[in-house]
Amino acid sequence: KLAEGEAILSAVEGERGGRAMAVQDIKASPETVWNRILAFRDYPEMVKYVAECEPYAEEGNDLRVRFVLKVLTFRYEYYIRHDYQPEEGYMSWTLDYARESDLDDSVGYWAVMPHPEASDMSRVYYAIDMRTRGWMPGFLRSIIARQGLVDATSWVKHEAEALQKTQNETPSRKASAQLD
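Sequence positions in the sequence shown follow my numbering and run -18 to 161.
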């Protein structure tokens, strides 16, 4: 599956949430992949169901971000505290428990590594364990759990590969412009 450009997905859905993991190969450098993952202000344009995304605090590796998800007529606001470790190739997160969120809990991580066989690619690992606060319609829970997992890595693949392509084309355009 990975060699064909598809993600490997695993999810377990429960009454009030679930946990999931995805592995995806991306035709972009780890730096380019991280550029997209860390572009929180661009999430409403890049990530399905994200209506608002706003960083509210940053201190060293501690990145705090407010998210608003809108699915049909439902709206969920939550606050995430990221621990970004670029030298190790990962970023973990938990809810920011100092703020009131519409989720009961959310923990997870992104890990971005150089591809083991292709120097121009990355392998991305994504995992999440989330629990909703109170009742959530079953169909909505399924959308968030199943589609959310698929979308979690597919948006990064799409955005990072597009950015990498633009970055790769830029030097050749500059070189041809200099020859003219």
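All C-beta atoms in this analysis are idealised placements derived from N, C-alpha and C, irrespective of residue type, glycine included. For clarity, every value in this text was computed on a predicted model and none was experimentally measured.
Residue closest to residue i, alpha-carbon to alpha-carbon, out of the options
i	options	result
V4	Y24, S135, R45 and S10	S135
D77	I109, A38 and E33	A38
C34	E58, I109 and K138	E58
R56	S82, E26 and N149	S82
E142	M117, V105 and E98	V105
G119	D101, G(-14), G(-5) and E(-13)	G(-5)
D23	G115, V137 and E(-15)	V137
Own chain, CB closer than 7 Å to residue i, minus 5 neighbours either side, in chain order
i	result
S(-9)	A1 and M2
S103	I7, A9, S10, P11, V14, V93, M94, P95 and H96
Q66	N42 and M72
Y30	L50, K51 and V52
G(-2)	M111, R112 and T113
K146	none
Under 8 Å between C-beta atoms of residue i and residue j
i	j	result
R45	R17	no
L144	R112	no
Distance cut-off 7 Å: residue i Cβ against heavy atoms of the ligand SAH
i	result
P36	No copy of the ligand SAH occurs in the structure displayed, which carries no ligand at all.
Nonlocal neighbours in the same chain, by C-beta distance under 6 Å from residue i, ignoring five residues either side
i	result
A158	Unreliable placement is indicated for A158, whose pLDDT of 44 sits below 50; no coordinate value is reported for it.
A156	Unreliable placement is indicated for A156, whose pLDDT of 46 sits below 50; no coordinate value is reported for it.
I(-11)	K(-18) and V4
E140	R17 and M27
Cβ-Cβ separation, residue j to residue i (assumed contact under 8 Å), whole Å
i	j	result
V(-7)	D132	Contact doesn't hold; Cβ gap of about 18 Å is too wide.
A79	Y90	That belief does not hold up - the Cβ atoms of A79 and Y90 are roughly 21 Å apart, past 8 Å.
P36	F21	5 Å
According to DSSP, residues forming a beta bridge with residue i
i	result
A38	R45
S87	M111
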